[in-house]
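K.L.:
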Amino acid sequence: MQKLLSRPLLNPPKHSSSYFFSHSVSKTTYDPPFSPISKPPKPKPKPPDPTPNRNPTPIKSSLPFDFRHSYSENDPTLEPIGFREPKRFSPFGPGRLDREWTGTSAPVRDEVDCCLVEEERIRVLGDPLTEDEIEELVEKYRHSDCARQINLGKNGVTHNMLDDIHNHWKRAEAVRIKCLGVPTLDMDNVCFHLEV
Numbered sequence: 057m058q059k060l061l062s063r064p065l066l067n068p069p070k071h072s073s074s075y076f077f078s079h080s081v082s083k084t085t086y087d088p089p090f091s092p093i094s095k096p097p098k099p100k101p102k103p104p105d106p107t108p109n110r111n112p113t114p115i116k117s118s119l120p121f122d123f124r125h126s127y128s129e130n131d132p133t134l135e136p137i138g139f140r141e142p143k144r145f146s147p148f149g150p151g152r153l154d155r156e157w158t159g160t161s162a163p164v165r166d167e168v169d170c171c172l173v174e175e176e177r178i179r180v181l182g183d184p185l186t187e188d189e190i191e192e193l194v195e196k197y198r199h200s201d202c203a204r205q206i207n208l209g210k211n212g213v214t215h216n217m218l219d220d221i222h223n224h225w226k227r228a229e230a231v232r233i234k235c236l237g238v239p240t241l242d243m244d245n246v247c248f249h250l251e252v
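Under this note's numbering, the letters of the sequence shown match residues 57 to 252, in that order.
1) According to DSSP, is ASN216 part of a helix, a strand, or is it coil?
2) What are the boundary residues of the beta strand (DSSP E) that ASN207 is part of?
3) Report the residue from VAL238, ILE221, GLU176 and VAL164 whose alpha carbon sits nearest the alpha carbon of ARG232.
4) Go through its chain and collect everything with a Cβ distance to CYS171's Cβ below 7 Å, but skip five positions before and after it.
5) So does the stretch 224-239 actually touch the stretch 197-216, counting three or more Cβ pairs closer than 8 Å?
6) So which of ARG177, GLU167, ASP219 and VAL213 has the shortest CA-CA distance to PHE248?
7) Quick one: what's got a C-beta closer than 7 Å to LYS102's C-beta in the same chain, skipping five residues either side?
8) Between GLU251, ASP219, LYS210 and LYS98, which has its C-alpha nearest ILE178's C-alpha?
9) Could you work out which residue in ARG227, LYS210, PRO104 and ARG165 is closest to LEU241 when comparing CA atoms only?
10) By DSSP, does ARG232 sit in helix, in strand, or in coil?
11) If you drop the 5 nearest sequence neighbours on each side, which residues of the same chain put their C-beta closer than 8 Å to that of MET243?
12) From what residue to what residue does the alpha helix (DSSP H) around GLU167 run?
13) Can the beta-carbon of LEU185 be found closer than 8 Å to that of GLU229?
14) Could you please give the first and the last residue of the uninterrupted alpha helix (DSSP H) stretch that includes ILE190?
Dropping the structure here:
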């Protein structure tokens with residue numbers, strides 16, 4: 057029985073593959089295909105200034121108008137909390153402007169005399185229409201076969217709407233305005249703004 061069992065080999069042959077792979081690389085050398093790179097050390101934070109400016113002077117500018125850094129700022133000596141945009145987009149930042157003011161000021165207007173404006177309006181408008189003239193115009197333009205109609209939606213009376221009404225009035229005596237949505241709740245207000 058002992059003859060059938062083979063005894064283990066103490067020294068394996070040199071040509072076996074397991075021997076080759078196990079002895080081909082030195083145990084002390086470790087060279088992976090991608091060696092790890094050490095991260096650069098983070099810079100240490102700068103210590104705070106030991107002598108802060110206790111009484112800063114308010115910032116002045118050569119602009120022809122006053123400005124503040126914040127709408128809620130009451131004291132001009134306070135430092136701003138922060139800016140919404142980078143400094144290159146903030147010309148009213150903590151320093152003075154490097155350029156002169158090149159903008160144009162709005163023209164100064166005299167006070168308007170309301171009586172003269174009202175007289176001019178009455179002169180341009182002329183006498184108001186009689187009841188019969190109003191009924192005739194309404195009957196002529198109230199039908200749905202009228203091609204000249206303006207739809208007044210939820211936005212109400214806008215500048216574009218007034219331009220459309222004016223363009224329609226250039227070609228017709230009256231304009232049919234169809235009101236939809238929210239403006240129908242206060243038609244007196246809509247009529248007032250259209251008449252003004």
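Where is the CB? At the ideal position from N, CA and C, for every residue including glycine. Quantities reported herein were computed from a predicted structural model and do not represent experimental measurements.
P.N.:
Taking the geometry as given:
1) helix
2) 205-208
3) ILE221
4) There are no such residues.
5) yes
6) VAL213
7) none
8) GLU251
9) Looking at the Cα atoms, LYS210 is the closest of the given residues.
10) strand
11) Around MET243: CYS235.
12) Counting along the chain, GLU167 falls outside any alpha helix (DSSP H), and DSSP gives it neither H nor E.
13) With contacts defined as CB atoms closer than 8 Å, LEU185 and GLU229 fail to qualify as a contacting pair.
14) 187-197
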